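So the protein sequences, as listed, match chains A and Y.
No gaps in the numbering here: position 6 of the first sequence is 6 in the numbering used here, and each next residue is one more.
Here the numbering used here = 1-based position in the second sequence + 116.
Where a beta carbon is used, it is the ideal one built from N, C-alpha and C, also for glycine.
Nothing here was measured: the structure is a model prediction, and the numbers come from that model.
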Amino acid sequence: EAGVAQSPRYKIIEKRQSVAFWCNPISGHATLYWYQQILGQGPKLLIQFQNNGVVDDSQLPKDRFSAERLKGVDSTLKIQPAKLEDSAVYLCASSLGSGVVTYEQYFGPGTRLTVT
Amino acid sequence: AQSVSQHNHHVILSEAASLELGCNYSYGGTVNLFWYVQYPGQHLQLLLKYFSGDPLVKGIKGFEAEFIKSKFSFNLRKPSVQWSDTAEYFCAFNTNAGKSTFGDGTTLTVKP
Numbered sequence: 001e002a003g004v005a006q007s008p009r010y011k012i013i014e015k016r017q018s019v020a021f022w023c024n025p026i027s028g029h030a031t032l033y034w035y036q037q038i039l040g041q042g043p044k045l046l047i048q049f050q051n052n053g054v055v056d057d058s059q060l061p062k063d064r065f066s067a068e069r070l071k072g073v074d075s076t077l078k079i080q081p082a083k084l085e086d087s088a089v090y091l092c093a094s095s096l097g098s099g100v101v102t103y104e105q106y107f108g109p110g111t112r113l114t115v116t
Numbered sequence: 117a118q119s120v121s122q123h124n125h126h127v128i129l130s131e132a133a134s135l136e137l138g139c140n141y142s143y144g145g146t147v148n149l150f151w152y153v154q155y156p157g158q159h160l161q162l163l164l165k166y167f168s169g170d171p172l173v174k175g176i177k178g179f180e181a182e183f184i185k186s187k188f189s190f191n192l193r194k195p196s197v198q199w200s201d202t203a204e205y206f207c208a209f210n211t212n213a214g215k216s217t218f219g220d221g222t223t224l225t226v227k228p
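Structural data, given as structure tokens:
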């Protein structure tokens, strides 16, 4: 089966600019996750969707980050305006479901963002 | 707050040595536990998982992990490592609400 697709793979922007990342999960996976992974740290969950509804966005900096999954399939994560501390790898993952019945997550290759 | 602590940031071993990577989690309720691995240049992928039942779980490539509820631990073990095990290893857990928390990872370098 095809894996989780992400684009772009790399992005360099200046601070205060905006950027968007795209993710296409594995077909049939209801749950989609966006993580931020800063160098030397583990992935930090930013937002979790179940179909097109938000399950958890408690760690999403909502003043500058937004995400949507309008049709319950692919998703976009946006940063506007970007700050230097947003430099990180942004990972998308998907799973069959989440909650009481837990499934493993399948990760995409990530987008490496550098903010200068 | 939910958290995962991985005690070793970088472990260096020679081939055939035994491996144990420590993982402790902080959460007051029921958890599902995972070890993920990221080989150089590859995506994060599942190594093994514990949901319920036998606390000793076996994963791919000869890895195993033991869940000790009283210690909030889920340590990863392998009796004899190979050069190809060089990778970064992440411990993680989900709650029944589905929220995921990852540790900061342990980089394993195996010398041939």
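CB contact below 8 Å: residue i versus chain Y
{"i": "glutamine 36 (chain A)", "result": "no"}
{"i": "glutamate 104 (chain A)", "result": "yes"}
{"i": "tyrosine 10 (chain A)", "result": "no"}
{"i": "tyrosine 33 (chain A)", "result": "yes"}
{"i": "leucine 45 (chain A)", "result": "yes"}
{"i": "glutamine 41 (chain A)", "result": "yes"}
{"i": "aspartate 56 (chain A)", "result": "yes"}
Interface residues of chain A facing residue i [CB-CB closer than 8 Å]
{"i": "lysine 185 (chain Y)", "result": "Chain A residues near lysine 185 (chain Y): none, gap ~17 Å exceeds 8 Å."}
{"i": "phenylalanine 190 (chain Y)", "result": "Per Cβ cutoff of 8 Å: no residues; phenylalanine 190 (chain Y) is ~14 Å from chain A at best."}
Residue i versus the options, residue with shortest Cα-Cα distance
{"i": "leucine 163 (chain Y)", "options": "Y:Gly169, Y:Asp170, Y:Lys177, Y:Gly157", "result": "Y:Lys177"}
{"i": "asparagine 140 (chain Y)", "options": "Y:Val197, Y:Leu129, Y:Pro228, Y:Thr222", "result": "Y:Thr222"}
{"i": "aspartate 74 (chain A)", "options": "A:Arg64, A:Lys11, A:Ala93, A:Tyr35", "result": "A:Ala93"}
{"i": "proline 25 (chain A)", "options": "A:Val19, A:Ala67, A:Asp63, A:Ala5", "result": "A:Ala5"}
{"i": "glutamine 158 (chain Y)", "options": "Y:Lys215, Y:Tyr205, Y:Thr217", "result": "Y:Tyr205"}
{"i": "glutamine 50 (chain A)", "options": "A:Gly97, A:Arg112, A:Phe107, A:Pro8", "result": "A:Gly97"}
{"i": "asparagine 229 (chain Y)", "options": "Y:Gly145, Y:Gln118, Y:Val120, Y:Lys185", "result": "Residue 229 (chain Y) is absent from the model: chain Y starts at 117 and stops at 228."}
{"i": "aspartate 57 (chain A)", "options": "A:Gly40, A:Gly42, A:Gln36, A:Gln41", "result": "A:Gln36"}
{"i": "serine 121 (chain Y)", "options": "Y:Arg193, Y:Cys207, Y:Val153, Y:Ser186", "result": "Y:Cys207"}
{"i": "lysine 78 (chain A)", "options": "A:Gly40, A:Phe107, A:Glu104, A:Leu113", "result": "A:Leu113"}
{"i": "serine 117 (chain A)", "options": "A:Ile13, A:Pro8, A:Ser7, A:Ala2", "result": "There is no way to answer for residue 117 (chain A), as the model of chain A reaches only from 1 to 116."}
{"i": "phenylalanine 188 (chain Y)", "options": "Y:Tyr152, Y:Ser200, Y:Tyr166, Y:Ala203", "result": "Y:Tyr166"}
Chain-ordered chain A contacts of residue i [CB-CB under 7 Å]
{"i": "histidine 159 (chain Y)", "result": "Phe107, Gly108, Pro109"}
{"i": "leucine 162 (chain Y)", "result": "Glu104"}
{"i": "lysine 177 (chain Y)", "result": "Correct list: empty, because the minimum Cβ distance to chain A is about 16 Å."}
Beta-carbon proximity check, residue i vs residue j, cutoff 8 Å
{"i": "leucine 70 (chain A)", "j": "leucine 60 (chain A)", "result": "no"}
{"i": "leucine 137 (chain Y)", "j": "asparagine 191 (chain Y)", "result": "yes"}
{"i": "valine 173 (chain Y)", "j": "leucine 135 (chain Y)", "result": "no"}
{"i": "threonine 217 (chain Y)", "j": "isoleucine 128 (chain Y)", "result": "no"}
{"i": "glutamate 182 (chain Y)", "j": "proline 171 (chain Y)", "result": "yes"}
{"i": "valine 115 (chain A)", "j": "leucine 84 (chain A)", "result": "yes"}
{"i": "alanine 117 (chain Y)", "j": "tyrosine 155 (chain Y)", "result": "no"}
{"i": "asparagine 153 (chain Y)", "j": "asparagine 210 (chain Y)", "result": "Per the sequence presented here, residue 153 (chain Y) reads as valine, with asparagine not at that position. No, these two residues do not count as a Cβ contact at 8 Å."}
{"i": "arginine 9 (chain A)", "j": "alanine 82 (chain A)", "result": "no"}
{"i": "valine 89 (chain A)", "j": "glycine 110 (chain A)", "result": "yes"}
{"i": "aspartate 220 (chain Y)", "j": "glycine 3 (chain A)", "result": "no"}
Any chain A beta carbon closer than 8 Å to residue i
{"i": "serine 142 (chain Y)", "result": "no"}
{"i": "glycine 169 (chain Y)", "result": "no"}
{"i": "glycine 138 (chain Y)", "result": "no"}
{"i": "glycine 219 (chain Y)", "result": "yes"}
{"i": "lysine 174 (chain Y)", "result": "no"}
{"i": "lysine 165 (chain Y)", "result": "yes"}
Under 8 Å by beta carbon: chain Y residues contacting residue i
{"i": "glutamine 48 (chain A)", "result": "Gly214, Lys215, Ser216"}
Under 9 Å by beta carbon: chain A residues contacting residue i
{"i": "lysine 227 (chain Y)", "result": "By Cβ distance, chain A contributes nothing, its closest Cβ being about 22 Å from lysine 227 (chain Y), past 9 Å."}
Going along the chain, which unbroken runs of the beta strand (DSSP E) with 3 or more residues stay wholly within the segment 6-87 of chain A? 10-13, 19-24, 31-37, 44-50, 53-56, 65-68, 75-79
Any chance you could list the alpha helix (DSSP H) runs of at least 4 consecutive residues sitting entirely within the segment 148-201 of chain Y, in chain order? none
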